[in-house]
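Scroll down for the structure; my scribbles are underneath it.
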Amino acid sequence: MSKNCNFDIQSSFCVLCGRTDDCPEKYGEKRTYKKHNLTVHYYCLLMSSGIWQRGEEDEGVDGFLIQDIKKEVNRAAKLKCNICRKKGASVGCVAPKCKRSYHFPCGIQKECIFQFMEDFRSYCWEHRPVQKFLDNEFGGTSQCTICLDLVEQLPAYNVLKSPCCKNSWFHRECLQYQALSAGIFFFRCTVCNNMDKFQKEMLRMGIHIPERDASWELEENAYQDLLQCYQHCDIKRCLCKKGRDYNEPDSKWEIKRCQYCGSRGTHVACSSMKSWEQNWECMECRSIFAKSGNYSKKKKRSLATSEKTDGTTCLLEEPSPKCSRRSPGSQHSFLLQSPKIMCHNSLSPCSVLELSASNRLTMSLSPLMPDRNLSLRKKHLRKQKREVSNILKDLKLQVNTKTTRLNINEKNIWDSALKGFRQRNFSPTNTIEIQFTNCKNKSKTHTSVSTKRFFKLLMLHLQNSSLFEGSSAKNLSLDFQAVKENLYFEAGKMIAVSLVHGGPAPGFFSKTLFNCLVYGPENVKPDLEDVADVDVAQTIKTIKYTNNLSSLQSTIYNCYEFLAAAGCLRPITDLSDKNMLVNDILIHHVIKRIKSPLESFSQGLKTLGVLEKMQAHPDAFSSIFCRKLERLSAEAVCDLFIIHSSSDANKVKGADFWIGYLKDVESGESAVTLEDILLFATGSSSIPPMGFDPEPTLKFLHMRYPIGNRLLNCLELPITKTYEEFKKKMEFTIQNTLRVERE
């Protein structure tokens with residue numbers, strides 16, 4: 245791209261897609277033409293259907309004239325996006341008779357194909373080109389030869405097959421990152437090195453290959469280190485008084501380099517070498533040859549103890565003959581440049597619903613929150629809860645009256661749920677009816693109470709399953725068997741169905757996992773707290789808190805094999821290099837390692853449109869995904885119920901007893917809990933994100949004992965003369981009812 249001085253990177257809206265995202269690897273470079281108050285993503289411009297490059301490269305925006313861009317904006321303003329339903333859809337599908345239009349970012353989200361060649365054609369999700377396979381060419385899993393993580397051999401949008409190698413499969417994202425880094429002169433098949441056939445197929449499948457030199461070729465003095473001969477003594481106890489870098493040829497202070505790798509060295513005297521000995525091997529090369537059986541131990545002083553050095557100053561390796569040389573850290577450059585996206589801190593829920601009906605009680609409790617900021621945050625959280633509730637209610641409109649019955653064994657909740665969700669007649673849009681097969685009284689197992697209990701047990705199982713790792717805030721784990729059986733997809737689907745059908749939210753997601761789902765893993769930077777593996781966490785801590793270069797090099801030497809396996813080796817010449825190394829390890833372990841499970845889990849969450857709503861309303865949904873439900877408050881329960889009464893006198897008197905009882909329960913002066921009261925009335929011990937349907941009501945009637953009508957979410961309470969009598973009847977009925985149910 246030309247570097248016109250009138251351009252500047254801004255955070256304003258792109259005139260074509262209306263987004264502020266500044267993500268060059270996904271949407272191209274975003275530039276602002278200050279004179280004309282114009283901001284545009286480069287890819288949005290390239291793919292717009294009604295504009296052509298009529299100017300020279302230094303005119304307008306890389307040859308696109310300003311007046312042409314404004315005309316295209318006016319044209320797109322009349323077109324509605326078939327994905328987000330908003331105006332400004334400038335990209336159209338080129339398939340004959342297809343009239344779909346969409347924004348470029350929306351097309352990326354919907355998995356459209358954009359061909360960055362010739363006349364820059366775009367294909368919608370139904371007409372996009374696909375790769376052709378023979379029946380025996382897919383099935384099972386293999387390694388992506390770029391990131392080395394597992395990739396499913398399936399004809400899918402996110403998975404691409406090499407046209408020149410039979411069993412070479414790649415992640416689309418990995419190919420795109422490599423293409424942007426390598427450029428048109430170095431982008432080729434990583435297995436057979438084919439360029440022409442490979443590039444032609446990748447361009448057809450929507451991989452953008454920039455017409456420029458490779459990123460490592462553009463770095464100033466990128467190859468300067470290859471001109472230098474390694475001169476450093478790496479032995480743990482260097483005897484030279486002039487330092488490890490001192491080299492005097494033909495003396496005992498001459499530095500001998502490893503005859504195999506050349507990246508380790510020793511003074512002749514430090515390794516007790518004889519004057520006539522010319523060859524020396526470092527510990528790493530010696531261990532490799534020992535494992536292969538090709539190394540014969542020489543009759544001289546062993547270097548096993550002295551080679552455990554804390555002076556490993558260079559880990560740069562020679563590039564493979566097939567692979568062009570990368571600059572240090574280029575493999576992770578895109579991920580490391582992305583800032584960490586943080587969720588808003590929020591408090592525990594107080595009330596999901598906030599109604600203005602005159603017959604809803606407002607409880608005047610003692611002031612527990614003198615801090616105004618805390619009160620504002622609580623108010624903000626209630627607003628988020630209402631927003632989520634309204635969104636889920638809109639999604640529930642998809643659910644019809646046709647029922648699907650699931651036979652569930654409570655003692656084996658996961659297997660029976662999995663079997664039910666995979667049965668042929670299961671549909672997320674059908675009303676779900678649960679029958680617990682191990683329940684003695686089968687006649688009472690078809691109610692909505694059973695459905696609520698089923699989803700609660702299912703969310704608890706998922707929280708403690710092998711699909712997730714961590715203590716309280718959990719990330720996805722890497723379970724190869726679960727990947728093979730597509731269990732991550734099923735887990736995401738179950739969570740989506742639970743939310744839309746009135747069940748609980750998971751509430752145990754880490755902020756990193758939630759952000760990966762909402763913003764994309766390429767835009768998320770993990771923390772040390774996201775690492776569940778104790779050994780990996782200890783390794784990262786050791787590197788992170790090292791306070792001198794020698795100790796840092798020694799630590800890297802000790803965990804050399806781990807770093808090599810993770811693809812995180814980088815030259816360490818300064819203490820500040822540890823920060824980039826820590827970032828590399830975190831990104832590999834927390835994000836890249838679970839790439840396949842994350843993609844599968846995301847597909848499951850798309851059920852009933854849940855993931856799309858999460859991405860559109862991230863702040864609201866983070867309050868139910870990243871926050872574990874805390875205990876109910878008396879105020880929340882009081883605010884939940886609408887009071888109906890035959891007379892105002894009964895209503896006032898009964899309301900006083902009701903509020904007093906809730907206060908006693910909250911303060912621990914009762915044998916029951918607030919959760920017990922809610923369970924007795926509605927069949928659920930917590931307030932679901934969607935809220936209750938129908939709304940909970942409270943009735944004061946002339947009756948002996950309270951009744952919980954769970955089908956109507958109605959709590960019928962007796963009218964009594966004294967508060968003590970009211971409390972006694974409440975305690976007796978709720979305790980005995982729940983005890984019988986548990987038994």
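So the sequence shown is numbered by this note's numbering: it starts at 245 and just counts up by one.
Ideal Cβ positions, reconstructed from N, Cα and C, are used throughout, including at glycine.
| field | Alpha carbon of Glu362 to alpha carbon of Gly307, nearest angstrom | value | Numbered from its first residue, the sequence shown carries residue 362 at position 118. Numbered from its first residue, the sequence shown carries residue 307 at position 63. Distance between the alpha carbons of Glu362 and Gly307: 16 Å.
| Closest residue to Thr510 among Phe680, Cys477, Lys486 and Cys526 (Cα-Cα distance) | Sequence index remark: in the sequence shown, residue 510 carries index 266 (1-based). Thr510 has its Cα closest to that of Cys477, out of Phe680, Cys477, Lys486 and Cys526.
| Of the residues Leu483, Arg481, Ser798 and Arg488, the one placed nearest Gln214, counting alpha carbons only | Examination of residue 214 is not possible in this model, given that the chain is present from 245 through 987 alone.
| query | Taking Cβ to Cβ, would you say Leu706 is nearer than 9 Å to Phe712? | reply | As a working mapping, residue 706 is identified with position 462 in the sequence shown. As a working mapping, residue 712 is identified with position 468 in the sequence shown. Yes, they are a contact pair.
| field | Val284 versus Met858: straight-line alpha-carbon distance, rounded | value | The residue given as residue 284 occupies position 40 in the sequence shown. The residue given as residue 858 occupies position 614 in the sequence shown. Between the alpha carbons of Val284 and Met858 lies a distance of about 26 Å.
| field | Three-way DSSP call (helix, strand, coil) for Ser608 in this model | value | Locating residue 608 in the sequence shown gives position 364, where the first residue counts as 1. Since pLDDT at Ser608 reaches only 44, below the 50 mark, its modelled position is unreliable, and the value read off the structure follows with that caveat. Correct three-state label for Ser608: coil.
| field | Buried or exposed by the 16-neighbour rule on C-beta atoms within 10 Å, applied to Ala809 | value | Along the sequence shown, one-based indexing puts residue 809 at 565. Around the beta carbon of Ala809, fewer than 16 other beta carbons sit within 10 angstroms, so the residue counts as exposed.
| said: Here's a check: name, in chain order, each residue in its chain whose Cβ is nearer than 8 Å to the Cβ of Val909, leaving out the five neighbours to either side. | reply: In the sequence shown, residue 909 corresponds to position 665, counting from 1. Closer than 8 Å at the Cβ level, and outside the excluded window around Val909, lie Ala878, Val916, Thr917, Leu918 and Ile921.
| said: Within 10 Å of its beta-carbon, does Pro399 have 16 or more other beta-carbons around it, so buried, or fewer, so exposed? | reply: Along the sequence shown, one-based indexing puts residue 399 at 155. Exposed, since its Cβ has fewer than 16 Cβ neighbours within 10 Å.
| message | I need the boundaries of the beta strand (DSSP E) containing Pro454, first residue and last residue. | response | Counted from its first residue, the sequence shown places residue 454 at position 210. No beta strand (DSSP E) contains Pro454, which DSSP labels as neither H nor E.
| said: Quick check on this structure: which residue in Ala426, Asp440 and Cys433 has the alpha carbon closest to the alpha carbon of Trp460? | reply: Taking the first residue of the sequence shown as position 1, residue 460 is located at position 216. Selected option, being the one with the closest Cα: Ala426.
| With distances taken from CA atoms, which of Leu825, Leu260 and Lys279 is nearest Lys314? | Taking the sequence shown and counting its residues from 1, one reaches residue 314 at position 70. Among Leu825, Leu260 and Lys279, the Cα nearest to that of Lys314 is on Leu260.
| Is His371 helix, strand or coil by DSSP? | The count along the sequence shown starts at 1 and reaches residue 371 at position 127. His371 falls in the coil class under three-state DSSP.
| Given Lys331, which residues of its chain have a CB within under 8 Å of its CB, disregarding the five upstream and five downstream residues? | Here residue 331 corresponds to residue number 87 of the sequence shown, with the count starting at 1. For Lys331, where only same-chain residues beyond five positions count, the Cβ hits under 8 Å are Ala320, Ala321, Lys322, Leu323, Lys324 and Cys325.
| Among the residues of its own chain, which have a CB less than 6 Å from the CB of Lys907, if the five just before and after it don't count? | Locating residue 907 in the sequence shown gives position 663, counting from the first residue. Correct list, in chain order: Ala878.
| message | Suppose the cutoff is 7 Å on Cβ atoms and the five residues either side in sequence are ignored; what does the same chain contact list for Asn523 look like? | response | Translated into positions along the sequence shown, residue 523 becomes position 279. Closer than 7 Å at Cβ, skipping near neighbours: Gln503.
| request: Ignore the nearest five residues each way along the sequence and tell me which others in Ile829's own chain have a CB closer than 8 Å to its CB. | output: Walking along the sequence shown from the start, residue 829 turns up at place 585. The answer, listed in chain order, is Val780, Thr783, Ile784, Ile787, Leu807, Ala810 and Cys812.
| query | Any idea which residues DSSP pairs Cys958 with across the strands? | reply | Position 714 of the sequence shown holds residue 958. Cys958 pairs with Thr941 and Asn953.
| task | Decide if Met947 is buried, meaning its Cβ has at least 16 other Cβ atoms within 10 Å, or exposed. | result | As a working note, residue 947 is residue 703 in the sequence shown. Exposed.
| request: State buried or exposed for Ser1019, treating a residue as buried only when at least 16 other CB atoms are found within 10 Å of its CB. | output: The question about residue 1019 has no answer here: the residues shown for the chain are numbered 245 through 987.
| task | Out of Lys718, Arg501 and Lys822, state which residue places its alpha-carbon closest to the alpha-carbon of Glu773. | result | Position 529 of the sequence shown, counting from 1, holds the residue named residue 773. Among Lys718, Arg501 and Lys822, the Cα nearest to that of Glu773 is on Lys718.
| Pick from Lys480, Asn402, Asn674 and Gly751 that is closest to Lys704, judged by C-alpha positions | Your numbering for residue 704 matches position 460 in the sequence shown. For the record, residue 704 in the displayed sequence is Leu; it is not Lys. Comparing Cα positions, the closest option is Gly751.
| Based on Cα-Cα distance, which residue from Ser754, Tyr789 and Asp883 lies nearest to Val775? | The count along the sequence shown starts at 1 and reaches residue 775 at position 531. Nearest to Val775 by alpha-carbon distance, out of Ser754, Tyr789 and Asp883, is Ser754.
| said: Please return the same chain residues whose Cβ sits closer than 8 Å to the Cβ of Pro841, not counting the five positions on each side in sequence. | reply: Translated into positions along the sequence shown, residue 841 becomes position 597. Taken in chain order, the residues that qualify are Leu711, Leu720, Ser721, Leu722, Asp723, Ala726, Val727 and Tyr732.
| Between Lys973 and Ser867, what straight-line distance do the alpha-carbon atoms span, to the nearest angstrom? | Here residue 973 refers to the residue found at position 729 of the sequence shown. Here residue 867 refers to the residue found at position 623 of the sequence shown. If I take the Cα positions, the gap works out to 37 Å.
| query | Three-state secondary structure (DSSP) at Gln679? | reply | Taking the sequence shown and counting its residues from 1, the one referred to as residue 679 is at position 435. Correct three-state label for Gln679: strand.
| What residue ranges within the segment 411-460 form continuous beta strand (DSSP E) runs of no fewer than 3 residues, ordered along the chain? | 413-415
| field | Alpha-carbon spacing of Arg954 relative to Lys341, whole angstroms | value | On the sequence shown, residue 954 is found 710 positions in, with the first residue counted as 1. On the sequence shown, residue 341 is found 97 positions in, with the first residue counted as 1. Going by the C-alpha atoms only, they are around 53 Å apart.
| With which residues is Ile887 paired in a DSSP beta bridge? | Walking along the sequence shown from the start, residue 887 turns up at place 643. Ile887 pairs with Leu942.
| request: Mind checking which residues open and close the beta strand (DSSP E) that includes Asn674? | output: Locating residue 674 in the sequence shown gives position 430, where the first residue counts as 1. Unbroken run through Asn674: none, as it is neither H nor E.
| message | Helix, strand or coil for Ile657? Go by DSSP, reduced to three states. | response | Stepping through the sequence shown from its first residue, residue 657 is reached at position 413. The answer is helix: DSSP assigns Ile657 an H, G or I state.
| message | Does Gln667 come out as helix, strand or coil in the three-state DSSP assignment? | response | One-based indexing of the sequence shown puts residue 667 at position 423. The answer is coil: DSSP assigns Gln667 none of H, G, I, E or B.
| said: Please report the distance separating the alpha-carbon of Trp369 from that of Val335. | reply: By 1-based counting over the sequence shown, the position of residue 369 is 125. By 1-based counting over the sequence shown, the position of residue 335 is 91. Distance between the alpha carbons of Trp369 and Val335 is about 13 Å.
| task | Inspect the beta-carbon positions of Lys405 and Gln375 and report whether they are closer than 9 Å. | result | One-based indexing of the sequence shown puts residue 405 at position 161. One-based indexing of the sequence shown puts residue 375 at position 131. For Lys405 and Gln375, yes; Cβs fall inside 9 Å.
| task | Could you tell me the boundaries of the alpha helix (DSSP H) in which Asn827 lies? | result | Reading the sequence shown from its first residue, position 583 is the one you call residue 827. Start and end: Asp821 to Leu830.
| task | Kindly give me the distance between the Cβ atoms of Thr681 and Asn653, rounded to whole angstroms, as I take these residues to be in contact under 8 Å. | result | In the sequence shown, the residue the question calls residue 681 occupies position 437. In the sequence shown, the residue the question calls residue 653 occupies position 409. About 5 Å; that satisfies the 8 Å criterion.
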